[in-house]
Structure formats: structure tokens, C-alpha cells
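Participant:
There are 2 protein chains.
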Amino acid sequence: MQSSENTHSVQFLDEQLQDVITLLEKQQLEKSLVRRGPSANHELVEAMLQNQHQVRLQEKFESLHPADSAFILESLPLDQRMAAWDAISIQHDGQVLLEVSDAVRQTLISGMESEELATVAGTLNTDEIADLAADIPKRTMLKILRSLNSMERNNLTAILSYQSSQVGALMDFGMITIRDDLNLRAIIAYIRKLGKLPSHTDKLFVVDQYDKVQGILPLQRLLTHLPSQQVADVMVTDFIRFQIDQDAAEVARAFERYDLISAPVVDDEGRLQGRLCVDNILDFIREKVDEDLLTQAGVGEEEDLFASVWKSARNRWGWLLINIVTAFASTRIIGVFEDIILQIVALASLMPIIAAMGGNTGNQTSMLIIRSLALGQINSTNISHLIKKELTLALINGTFIGLIMGLLSLLLYQDMALSIVMATAMFINLWVAVLVGLGIPLLRHKFGKDPAVGTSVILTAITDSMGFFIFLGLASLFLIR
Amino acid sequence: MQSSENTHSVQFLDEQLQDVITLLEKQQLEKSLVRRGPSANHELVEAMLQNQHQVRLQEKFESLHPADSAFILESLPLDQRMAAWDAISIQHDGQVLLEVSDAVRQTLISGMESEELATVAGTLNTDEIADLAADIPKRTMLKILRSLNSMERNNLTAILSYQSSQVGALMDFGMITIRDDLNLRAIIAYIRKLGKLPSHTDKLFVVDQYDKVQGILPLQRLLTHLPSQQVADVMVTDFIRFQIDQDAAEVARAFERYDLISAPVVDDEGRLQGRLCVDNILDFIREKVDEDLLTQAGVGEEEDLFASVWKSARNRWGWLLINIVTAFASTRIIGVFEDIILQIVALASLMPIIAAMGGNTGNQTSMLIIRSLALGQINSTNISHLIKKELTLALINGTFIGLIMGLLSLLLYQDMALSIVMATAMFINLWVAVLVGLGIPLLRHKFGKDPAVGTSVILTAITDSMGFFIFLGLASLFLIR
Numbered sequence: 004m005q006s007s008e009n010t011h012s013v014q015f016l017d018e019q020l021q022d023v024i025t026l027l028e029k030q031q032l033e034k035s036l037v038r039r040g041p042s043a044n045h046e047l048v049e050a051m052l053q054n055q056h057q058v059r060l061q062e063k064f065e066s067l068h069p070a071d072s073a074f075i076l077e078s079l080p081l082d083q084r085m086a087a088w089d090a091i092s093i094q095h096d097g098q099v100l101l102e103v104s105d106a107v108r109q110t111l112i113s114g115m116e117s118e119e120l121a122t123v124a125g126t127l128n129t130d131e132i133a134d135l136a137a138d139i140p141k142r143t144m145l146k147i148l149r150s151l152n153s154m155e156r157n158n159l160t161a162i163l164s165y166q167s168s169q170v171g172a173l174m175d176f177g178m179i180t181i182r183d184d185l186n187l188r189a190i191i192a193y194i195r196k197l198g199k200l201p202s203h204t205d206k207l208f209v210v211d212q213y214d215k216v217q218g219i220l221p222l223q224r225l226l227t228h229l230p231s232q233q234v235a236d237v238m239v240t241d242f243i244r245f246q247i248d249q250d251a252a253e254v255a256r257a258f259e260r261y262d263l264i265s266a267p268v269v270d271d272e273g274r275l276q277g278r279l280c281v282d283n284i285l286d287f288i289r290e291k292v293d294e295d296l297l298t299q300a301g302v303g304e305e306e307d308l309f310a311s312v313w314k315s316a317r318n319r320w321g322w323l324l325i326n327i328v329t330a331f332a333s334t335r336i337i338g339v340f341e342d343i344i345l346q347i348v349a350l351a352s353l354m355p356i357i358a359a360m361g362g363n364t365g366n367q368t369s370m371l372i373i374r375s376l377a378l379g380q381i382n383s384t385n386i387s388h389l390i391k392k393e394l395t396l397a398l399i400n401g402t403f404i405g406l407i408m409g410l411l412s413l414l415l416y417q418d419m420a421l422s423i424v425m426a427t428a429m430f431i432n433l434w435v436a437v438l439v440g441l442g443i444p445l446l447r448h449k450f451g452k453d454p455a456v457g458t459s460v461i462l463t464a465i466t467d468s469m470g471f472f473i474f475l476g477l478a479s480l481f482l483i484r
Numbered sequence: 004m005q006s007s008e009n010t011h012s013v014q015f016l017d018e019q020l021q022d023v024i025t026l027l028e029k030q031q032l033e034k035s036l037v038r039r040g041p042s043a044n045h046e047l048v049e050a051m052l053q054n055q056h057q058v059r060l061q062e063k064f065e066s067l068h069p070a071d072s073a074f075i076l077e078s079l080p081l082d083q084r085m086a087a088w089d090a091i092s093i094q095h096d097g098q099v100l101l102e103v104s105d106a107v108r109q110t111l112i113s114g115m116e117s118e119e120l121a122t123v124a125g126t127l128n129t130d131e132i133a134d135l136a137a138d139i140p141k142r143t144m145l146k147i148l149r150s151l152n153s154m155e156r157n158n159l160t161a162i163l164s165y166q167s168s169q170v171g172a173l174m175d176f177g178m179i180t181i182r183d184d185l186n187l188r189a190i191i192a193y194i195r196k197l198g199k200l201p202s203h204t205d206k207l208f209v210v211d212q213y214d215k216v217q218g219i220l221p222l223q224r225l226l227t228h229l230p231s232q233q234v235a236d237v238m239v240t241d242f243i244r245f246q247i248d249q250d251a252a253e254v255a256r257a258f259e260r261y262d263l264i265s266a267p268v269v270d271d272e273g274r275l276q277g278r279l280c281v282d283n284i285l286d287f288i289r290e291k292v293d294e295d296l297l298t299q300a301g302v303g304e305e306e307d308l309f310a311s312v313w314k315s316a317r318n319r320w321g322w323l324l325i326n327i328v329t330a331f332a333s334t335r336i337i338g339v340f341e342d343i344i345l346q347i348v349a350l351a352s353l354m355p356i357i358a359a360m361g362g363n364t365g366n367q368t369s370m371l372i373i374r375s376l377a378l379g380q381i382n383s384t385n386i387s388h389l390i391k392k393e394l395t396l397a398l399i400n401g402t403f404i405g406l407i408m409g410l411l412s413l414l415l416y417q418d419m420a421l422s423i424v425m426a427t428a429m430f431i432n433l434w435v436a437v438l439v440g441l442g443i444p445l446l447r448h449k450f451g452k453d454p455a456v457g458t459s460v461i462l463t464a465i466t467d468s469m470g471f472f473i474f475l476g477l478a479s480l481f482l483i484r
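Listed in order, the protein sequences are those of chains A and B.
All residue numbers for the first sequence refer to the numbering used here, where the first residue is 4 and numbers rise by one.
All residue numbers for the second sequence refer to the numbering used here, where the first residue is 4 and numbers rise by one.
Structure representation (C-alpha cells):
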């Protein structure tokens, strides 16, 4: 159905995937049938049948957008994935490699010859090669570098010299530069001679003889102004540019804020170094977000759905081991108070509540702080206000939740002294939780670290240990008979 | 410094904020000085001084992008925020309202007269009014509706009839439509007559007499093709369009996948209904992501940094109350086993580890499933593979972590039977955790619910209760002397 194809819905992708799977399975089936058959010329028949499905597979992938081919490869188990990968023409291999996830890219590249990979790289721009560089074996990378001209080589090493969190790593070189002493007619003639503009070209960059950016000329203005006008008169001089070593997250926010499609990247002296486009910004945002979510859940990195069990296990063990250590450490505190628990066994079933509620409130606070830090909303003028507010909130939450807990334990155990200890411990632990929830991200930020990483693990370790310690400590002080 | 201004860094925003705060404080200081002074004509002086700073504030905001003004308003405490809001001209109020967060928008709108708000709405497009609609009082909304012409009213009600998760709610009406029987010269003349194109116009939409979209004409092609060519010969007919009732998250993925800047939105019959642009998609992604992160941390919605403590408390109590209930419920299981704990008190300090590790592994599994579901990567063909893999992983994790736990408790308590119970309970609970971590998101997805919401809370409740139950249950079966 044409309409389904053009709306590019989930159904569309699913249909394409099913088609590919059917073709792959037919190919597989006939391979095995032919092998089993006693035919003398079975090799010929096999070759013919294989060929027929291979051609249909190739046509299928030829008709798909590289991103859709990438989606299909990601959704296929390893053996089918390799068969499908063979059916994608070498001209499209590069674009597909750019679109698949890191984990899947490694499976695809690991099956490729060095020679083949170098050919694929030859179909890509330097900024695209840079995106793949981390997954390309060193020897192949040297081969690729040798095949580039000196400008391309410079561009590639420029990008690779920046960290993934910097603008330099996200830029491309698809900018069109013009001089301001030309008229629009000349620019239009120039563009017509180029024949095709790089994608996301919504503006041309006006530079002087030293490559310093003087202004930008939106394509729109080329169309809405008279051809006889000078670039200098039509260009926009109050425009947004980014420093090559600027923080990418900050720049992503600027793209959102100012609704940018593309923007020039400059060095310290204002000389044009490259171009940033919204598609790379979108990819950056998505990767950062995925990373944050996975880190929060204690997963190392993006996983290939069809990665081997061992590979997945390795990916998840890092955090689990840390959790084992913190869980053991915090429960050692319980061990210290075993005598008290033997005297008042109700403590055993109440103490996990103190710990859990501390973790919950602490996480609420730390997440709001982490987000405000990411938005740049926390500064020297409002930080004290913010801390005061969270501490007041801890007071209110502690009082209410403490009262609820006290009442509930009174109902359960009809022991007033125990209930008061419960309420007090809850109150203090919520206070501790909010202090820690404020402190960890703010301190990490102050020392230039990502406030999101590890905060939840450290926080839970502290609220657990403190919860057990405060509750059992208060109990041993006031409840010993 | 000009370079800092143009790179629009965090420093730039911080400087602007400091400038505004200084002006606001001067205004405040002089107000109080004048009030204290015994001068006879103090009202005149006050008016003069106030005026001077008011003018400088107004100039400041006049020079800032609406998004930057919004950032500054969000970073100011309530009283200063209102004073700054007064200094923003009514022509810019609308754009600023669009840029601030929902929580801050409410504080700004609550201080505005119905008449004033209607005037502000008059400066906005219908799709922009729709974005504000949820925060505008009903009476004012009726006034605004009456001031619109019938086409605008239709557009507005169209957008408002879609849920925020549908394409219809994100679209705008800034599309330029053309017919395919014109030549490019005519189109260029038409654009020149328009004088200005809506932002994010990277392509024109080619429609027939029934408003059905026939193709798209990228602005690029207007520049690279000869003016004498017909639109029909130059337009792209294999283009991406979206259904007005399509899921916005799916469409956001398509924007990322195909690197789109704008795309037509059509109804069931393929008639043009509106336009989707990447800036709205970026905003949508950011909102969805923030929502996911906050939900994970148990916060109801985005909070105004300077919201009253009571408002913040209400925002956080929902999840805390649910957590109180689940924490109490799961620890009731411990209550049942108090006799066992009295006999073997070591159980009290070991049981939280079983519960915690179950929660951790379950969260890893559920997060990976939730992400794969969001990416559309899970389908009928690979789901069984996926489930098998996670269960195998649970087997491996259970064995290893079980062994580690068993060994550690053997070291601590020198009790072989206890250690075997510990290892077995850990093994079983990790298995349960992975089953639940798989089951909840998959079931929620199957029944058309967002798999991310609440999964973590339910999962932790189950892994806690089951952890306590399995461990203490095994202990009472095998360790009673």
C-alpha cells in the first residue's frame, strides 16, 4: 500500500523486516534442500536458487533508506544479519554502518576484510569516517588515511582530536562559503554550477580572506531579495556561531533554544572550522539520553539485542558488582546490631522501610538537581534559595512520612516507644537523604564531573546504611529493656 | 565581549541573568530608599529612578532572544520574575510564554489580566496559541477564539482535538503550497512577493485541486534547476509524509532516521492538514525524555525551581505514598517470619541483600526491554529469542551472584547450611526479577500502555517481597534446628 509506505510508520518497518526474513528463510531452506537432494548437478541448481533470492534481497535493500536497512539489520539474529549484510551493495554499506548502533556496527565490521572496509570508507565524507573510526581496526584506518587527500586528512584528524562531548566531534565540512562583495545573482549562478547543496544547507557562510565568519546568508534571502543586491547588504550579521571546543550538551540546548538548522563552528580567532547541523544534534541528544537512562538502570552501554549471552553478561556485571559491594557494606551495619534485633524482632521488618523511603526521597531531590544543572538553571544567586527549599521540603516530608510510619507501626505492634523511634529515624533519614541528594550532584558538578553518573548508586548506599544505622542506633539507645 | 555573545554559551546566559538581577536589585533598592526618605516630592523622584531602570531592563529584554528571556525568567525567584516580566514588551510576551516551562508559564499567566492575555495571543500563530491553551483560563480562551477568523479557528480546534502524543498536536500551518503546472520562475516570483518564508521552510508542498499532496519541492531545487522548468518535472514524488493521528514518538524517530527538517501532515485521504518541523520534534523529544527521567525518579512533573514548598511537596507526594504502601506491604512478609529471625538473627542482615540485588537485575532487564520497545525493535520473530537470552542471562547471573553471596556469608557466619540457603535464594530471586523485568513492560506494551510508567515501582515491590519470602521461606524449611 503506497500510503503506508510513505508515512513510514512502525508497520512499514515491520513489513520490510518480515519481507527480508521471508527471503532469508527461503534462501536457507533451499540451501538445505539442495544439499540433501542427490542431484548430480545440485551445485548448479543451488547457485541458481540462491541467486534468485539474493537478487530479490539486493533489490529490497536497494529500495530502502539506509536508516531502514540499519533498523532491519539490528532486528535480525547474527546469522541472518550477516546474510542480509551481504545483500547490501558496497555503495550503501557506509551509510548503513553510520546508522546502526555501536554494538551492531561492531558485529558487521568484524566480518569485513580490511580492503573492503577501506573501499566502503571511500564512499563517505571525512566527518562520517570519523564517526566510524572507533570501530575500525588500526591497520585499516591507516590504509584509509593514506587514501585521503591532505585537506581530508586534516579534517579527519581535526574531528578525531576532540572528545565526543565537544562541538568539534559533531561538526561536518558541508558548508558553502561565499564572499560579501558579490551580488546575489553571482551566488545563485555559483549554486547552480554546484548542482547540489549538502543536506541541511539552510544558509551560506560569508567569510573574509582570513576565513573569519562575517555573517550568514539564509537561502531564503537568496529567493526573497533582488539578484542585484550585494551579499554584504543582505547577509545577517547577528548570528549564532559555536566554538570548536565548546561543550556539546550546551550547544544542543542552543539548537533547541534558537530553533537552528545549521550553524558555523569557529576557532578562538573566529575562523570557520566546520558546520554543525540539527541532525547531528538530534543524534547526540538521543545518545546522551539513552546513556543516562541506561546508566540509571545500571547497564554499561547500549546492547545489541542479539549479542551473545556472555557479552551481555559482561555489560551488566560492572554495576551489579558495585551493587554487591554496597549492599554487603550497608547490611554489615545490621550485623552490628544483631543483639537489639534479638530483643525486638519487629525492628527487622521495619528497618527496610526506613532505608527504602530515604532512597526514594533522595533520588527525587538528586534528579531535580541533576536536571536543573543540565539546563544551566542553577547559579550562584539562586543556589542558596534552592538548598533552603529542598531542606524545608525534607522537614515537611520527614514530619508527615515519619508520622505515617509511626502510626502504622503503632497499629502493627502496639508499642509507643518503638513507634516514636520509627518516626524519628524516618525523619532523620529523610533529612540525610535530601542532604546527600543535594550534595553529590552539586559537588560532582563543581569538580567538573557529570553529575548524573553514579549518583543513584552512591545515594542508595548512603541512605541504606544511614537508615539502618539511625534506626537500630536509636532503638539500642532508647528501647533496651 | 562580542565573541562570547555570539557563541551563546552558558556564560553568555549567566552574564545576561546577572545584568537583569543587578537592574532589578537597583530598582528595588531605590524604591525602598525613596520610601524611607522624607522628601516632599519623593513620588516624583521615585517615578524617575524607577523609570530609568525600567527602561534599561526593557532595552535588555528587547535585545535578547525570547528563549533567553525565558531562561532568565525561569532562573529568577517569584517576585523578581514578575518585575522582569513587566519589563518585557507585550509584542514579545507571547514568544517568551511559548519558551518557558509549563510550571513557570502558569506563574506568569496567573498574574495577567484576561484582556492582556488576549492581546498577547493576538501576536501568535494558531499553532502557538494551541501550545498555550492548556494554561489559559477558559473565559480568556473564548475571547481569543472569537477574535480569530474562521480558518484560524478551524486550525486551532483541529490541533486541540489531538492528544499531545499525536502528530496533530505538534503540527503548524506554516506550509507554502504550490501547483505542479507552474514553472520555477513563477514560484520564485511568488516567493519574492511573499517577502518572507516561515521558519524551517526547506521545501514547498505541491498539492492538487483537492489539496492532496503530490510531491515536495526542496528550496535547493529552486536554486539548482533552470527557472523555465516545470514544478512537475523538478518535484520529488518519493517523499515522507505523516498521518495526522500518527504516534508522535514514532514520527520523532522518523525525523531522526531520515534527517528531516520539515514534512507534510496528511489525513486518511492524503489531503494536506499541516506541517511538522524539526524544532517541534526536538521540543517533543526533550519533554518526553524529561518526563521519563522524572518518572523514574518518582517525581510527578517538571518543577518550577522557585515553586512554593507546598507545591513541590504535592508534586513529590504521589510516588512517595505509593512507595510507603509497597514498602510496608513487602516488609509485612518479614513480620510473618519473625520466629525464624529470632532463631537465626543473621537472616536479618542478609535478607536486604537478596531483595536489593533482585531489584537491580530486574531493573537492568526492564530498562533494556523498554528501550527496545520504544525503538520498535521487538517483534513477533525475535521476541522468543530475546526472552530466551534474558532467562539464560538470569541463569548465569544467578549462579555467579548466588555463589559470591554464599561465599561471603560463609566467611561472615561460618554456617554452611545458611550459605547454601543464601545462594539458592539469590539464584531464585534473580530469576524472578528477570521474569518480572521482562513481563511488566511487555504486558503493558501489549495492552497499549506506556511500558516505562511505573515499571520500576512495581518491579521493586515484587523483587523485595519475593526476595524476603524466598529467603526466609527457605530458611524456615531447611534451617530450623
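Every residue, glycine too, gets a C-beta built ideally from N, C-alpha and C.
1) Can you tell me whether ASN158 (chain A) is helix, strand or coil according to DSSP?
2) For SER2 (chain A), is the classification buried or exposed, using 16 other Cβ atoms within 10 angstroms of its Cβ as the cut-off for buried?
3) With a threshold of 8 Å on Cβ separation, who are the neighbours of ASN186 (chain B) within its own chain once the five nearest residues in sequence on each side are excluded?
4) Give a yes or no on whether 8 Å exceeds the smallest Cβ distance from ALA359 (chain A) to chain B.
5) Under 8 Å, Cβ to Cβ, is there at least one residue of chain B near ARG319 (chain A)?
6) Write down the C-beta distance between ALA428 (chain B) and PHE474 (chain B) rounded to the nearest angstrom, noting that I regard them as a contact closer than 8 Å.
7) Which chain B residues sit within Cβ distance under 8 Å of GLN223 (chain A)?
8) Below 7 Å between beta carbons is the criterion; list the residues of the segment 94-127 of chain A that meet it against any residue of chain B, in chain order.
9) If contact is defined by three or more beta carbon pairs under 8 Å, each pair taking one atom from either stretch, is the segment 323-337 of chain A in contact with the segment 259-278 of chain B?
10) DSSP state of THR110 (chain A), grouped into three classes?
11) Over the uninterrupted beta strand (DSSP E) stretch that includes SER265 (chain A), give me the two end residues.
12) Provide the residue span of the beta strand (DSSP E) that contains PHE74 (chain B), from first to last.
13) Closest Cβ-Cβ distance between GLU18 (chain A) and chain B: below 8 Å?
14) Which residues mark the beginning and the end of the beta strand (DSSP E) in which PRO221 (chain A) is found?
15) Indicate whether ILE139 (chain B) and ILE112 (chain B) have their beta-carbon atoms separated by less than 8 Å.
16) Report buried or exposed for ILE91 (chain B), applying the criterion of at least 16 other Cβ atoms within 10 angstroms of its Cβ.
17) Which of the three DSSP states is assigned to ARG278 (chain B) in this structure?
18) Please list the partners that MET370 (chain B) has in chain A, where partner means a Cβ-to-Cβ separation under 9 Å.
19) Quick one, are the C-beta atoms of GLU305 (chain A) and ASP453 (chain A) less than 8 Å apart?
20) Please check if any C-beta of chain A sits within less than 8 Å of the C-beta of LEU410 (chain B).
21) With distances taken from CA atoms, which of B:HIS56, B:ILE343, B:GLY177, B:ALA464 is nearest ILE327 (chain B)?
22) Enumerate in chain order the residues of its own chain whose CB-to-CB distance from MET408 (chain B) is below 7 Å, with the five nearest sequence positions on each side excluded.
23) Per the contact definition of three or more C-beta pairs closer than 8 Å, is the segment 259-267 of chain A in contact with the segment 220-230 of chain A?
24) Within 8 Å (strictly less), CB to CB, does HIS388 (chain A) reach chain B?
25) Taking only runs of the beta strand (DSSP E) that begin and end inside the segment 196-261 of chain A, which ones reach a length of at least 3 residues, in chain order?
26) Can you give me the Cβ contacts of THR466 (chain A) inside the same chain, cut-off strictly under 8 Å, excluding the 5 residues immediately before and after it?
27) Quick one: is PRO80 (chain B) buried, meaning 16 or more other Cβ sit within 10 Å of its Cβ, or exposed?
28) Between which residues of its own chain and SER315 (chain A) is the CB-CB distance below 7 Å, once the five residues before and five after are set aside?
29) The alpha helix (DSSP H) spanning VAL332 (chain B) covers which residue range?
30) Can you tell me the Cα-Cα spacing of VAL339 (chain B) and VAL348 (chain A), whole angstroms?
31) So, is the C-beta of SER479 (chain A) closer than 8 Å to a C-beta in chain B?
32) What are the residues in the segment 319-333 of chain B lying within 9 Å of chain A by C-beta distance?
33) In whole angstroms, what is the alpha-carbon distance linking ASP134 (chain B) and LYS141 (chain B)?
34) Under 8 Å, do ILE381 (chain A) and LEU389 (chain A) count as touching if we go by C-beta distance?
35) Beta carbon of GLU259 (chain B), beta carbon of LEU67 (chain A): below 8 Å?
36) On the DSSP letters alone, give me the boundaries of the alpha helix (DSSP H) that ASN2 (chain A) sits inside.
Facilitator: This is what the structure holds:
1) helix
2) Here chain A comprises residues numbered 4 to 484, so residue 2 (chain A) is not present and cannot be evaluated.
3) PRO230, SER231, GLN232, GLN233, VAL234
4) yes
5) yes
6) 4 Å
7) LYS199, LEU200, THR204, LEU222
8) none
9) no
10) helix
11) 265-269
12) Where PHE74 (chain B) is concerned, there is no enclosing beta strand (DSSP E), although the alpha helix (DSSP H) it sits in stretches over 69-77.
13) no
14) 216-221
15) yes
16) buried
17) strand
18) LEU296, LEU297, GLN299, ALA300, GLY301, VAL302
19) no
20) no
21) B:ALA464
22) ILE356, MET425, ALA426, MET429
23) no
24) yes
25) 206-210, 216-221
26) ALA358, GLY361, GLY362, GLY365, ASN432, VAL435, ALA436, VAL439
27) exposed
28) GLU306
29) The sequence given here has Ala at residue 332 (chain B), not Val. First-last of the alpha helix (DSSP H) with ALA332 (chain B): 312-339.
30) 11 Å
31) no
32) ARG319, TRP320, TRP322, LEU323, LEU324, ASN326, ILE327, THR329, ALA330, PHE331, SER333
33) 14 Å
34) yes
35) no
36) The structure shown does not extend to residue 2 (chain A), since chain A spans only 4 to 484, so no value can be given for it.
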